Amino acid sequence: MTRGWPRRYAHVRRTVLAPGVPREGQVETTSETRSTGASRDDRREARASRKLSPRSKVWVEQEGKVVLSGWRVALLEAVEETGSLTRAAEKLGVPYRTAWYKLKEIESRLGVRLVASQSGGAAGGGSCLTPEGRRLVEGFHRVTAGLAEVVDQRFRAEFGDWLG
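Quick note: to get this note's numbering, add 19 to the position in the sequence shown (first position is 1).
Printed below as a string of structure tokens:
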């Protein structure tokens, strides 16, 4: 096996002779492949038997900038669930700064506060969604669920025999 080839080509043996061997100015290449056991037709049938599943993503833009998306809604839900933007960021696996920036970006573009925060102290601090924030999350889920059904119906009408 030639050094530096990706592992997926391990079944191919390739020999390349430099120019001048055996004839000047020519390169001789030989490849030998090992059978994987399944014929080309068998592999084609196996691929064809896998059913397709339609998927779609929805996001809302304002002047070409994303205002609301599935990830941003997940951030809002995580804030509500954990009671903290810090813990919400940890849950989503992003830096606090990213979560804070995305939240402020949504709020500034919509012109409404979505998260109410209370500073620490004896009772402890925390964050929760405002009524507008809850309404936005619930509305986004209703719209995307309805769109998923429409997309599924349209794909079934068009590609019914390929869908599972």
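Note that CB positions come from ideal geometry on N, CA and C, so glycine has one too. Computed from a prediction, not measured in an experiment: that's the story for all the values here.
Residue environment analysis places residue 121 among the buried positions, since at least 16 neighbouring C-beta atoms fall within 10 angstroms of its C-beta. Comparing C-alpha distances from residue 151 to each of 101, 130, 85 and 161 shows the shortest one belongs to 130. When the alpha-carbon of residue 149 is set against those of 167, 102, 177 and 108, the nearest one is in 102. The continuous stretches of beta strand (DSSP E) do not include residue 76, and DSSP gives it neither H nor E. For residue 84, there is no enclosing alpha helix (DSSP H); the enclosing beta strand (DSSP E) has its first and last residue at 84 to 87. In the three-state DSSP reduction, residue 133 falls in the coil class, being neither helix nor strand. For residue 127, the three-state secondary structure derived from DSSP is helix. Each residue's CA atom was taken as its position, placing residue 128 and residue 82 some 10 Å apart. A residue is called buried once 16 or more other Cβ atoms fall within 10 Å of its Cβ, and residue 107 is buried on that count. For residue 161, the closest alpha carbon among the candidates 100, 92 and 134 is that of 92.
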